[in-house]
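J.: Per our numbering, the sequence shown starts with residue 4, numbered consecutively.
We put the beta carbon where it would ideally sit given N, CA and C, even for glycine.
These numbers come from a predicted model, not from an experiment.
Quick one: the structure is below, and I'll ask about it shortly.
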Amino acid sequence: TTSFWQGVDVMGPALSLVVIDRLPFDSPADPLVKARINTISLQGGNAFLDYQVPSAVIMLRQGLGRLIRSKKDKGVISVLDKRILKKSYGKIFLKSLPDIKMVKHLKEVENFFKTLENE
4 TTSFWQGVDV MGPALSLVVI DRLPFDSPAD PLVKARINTI SLQGGNAFLD
54 YQVPSAVIML RQGLGRLIRS KKDKGVISVL DKRILKKSYG KIFLKSLPDI
104 KMVKHLKEVE NFFKTLENE
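So, in structure tokens, the structure goes:
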């Protein structure tokens with residue numbers, strides 16, 4: 004959950020995997036989010052692309068930041084939400100990521116952890 008994305012500071016090998024089960028969109032039922040969406044819509048904007056996606060991108064980057072806290076830190080970030088690859092707005096999320104190696108096959112992740120164990 005996003006509650007773990009703020010205030011968590013685990014450095015070094017104690018943290019080597021962050022799993023993000025879904026893209027961190029705020030609930031449109033939240034009264035503050037709902038008000039913001041209504042305001043943007045009334046002004047002729049696209050609330051989803053102008054507010055909801057950028058807000059979720061910031062949250063995703065905060066979640067990723069929990070893994071790499073120093074230059075020595077290494078790990079795997081696993082985003083399980085297929086929307087990051089299947090939806091057009093997924094490209095916005097992908098472009099926001101730092102320069103990291105992206106893999107789609109579990110075997111590559113397994114190999115990474117094996118090399119990490121040997122260090």
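(1) Where does LEU20 sit, in a helix, a strand or coil, going by DSSP?
(2) Going by DSSP, what residue range makes up the beta strand (DSSP E) through SER81?
(3) Report yes or no: do three or more beta-carbon pairs, one from the stretch 18-25 and one from the stretch 79-95, lie closer than 8 Å?
(4) Helix, strand or coil: how does DSSP classify MET62 here?
(5) Within its chain, find whatever has a CB closer than 7 Å to the CB of VAL60; leave out the 5 residues flanking it on each side and keep chain order.
(6) Relative to the C-alpha of TYR145, which residue among MET105, LEU35, ASN114, ILE87 is closest?
(7) Given that a residue counts as buried once 16 or more other Cβ atoms are within 10 Å of its Cβ, and exposed if not, what is VAL56?
(8) For LEU67 versus ASP76, is the C-beta spacing smaller than 8 Å?
T.: Here's the rundown:
(1) Counting from 1 along the sequence shown, the entry for residue 20 is found at position 17. In the three-state reduction of the DSSP assignment, LEU20 falls in the strand class.
(2) By 1-based counting over the sequence shown, the position of residue 81 is 78. 79-82 is the extent of the beta strand (DSSP E) around SER81.
(3) Touching, yes.
(4) Residue mapping note: residue 62 aligns to position 59 of the sequence shown, counting from 1. Three-state result, MET62: helix.
(5) On the sequence shown, residue 60 is found 57 positions in, with the first residue counted as 1. If the five residues before and after VAL60 are omitted, its C-beta is found closer than 7 Å to the C-beta atoms of ILE95, PHE96, SER99, all from its own chain and listed in chain order.
(6) Given that the chain is displayed from residue 4 to residue 122, the structure contains no residue 145 and the question cannot be resolved.
(7) Here residue 56 corresponds to residue number 53 of the sequence shown, with the count starting at 1. Buried, since its Cβ has 16 or more Cβ neighbours within 10 Å.
(8) The residue given as residue 67 occupies position 64 in the sequence shown. The residue given as residue 76 occupies position 73 in the sequence shown. No, the Cβ-Cβ distance between LEU67 and ASP76 is not below 8 Å.
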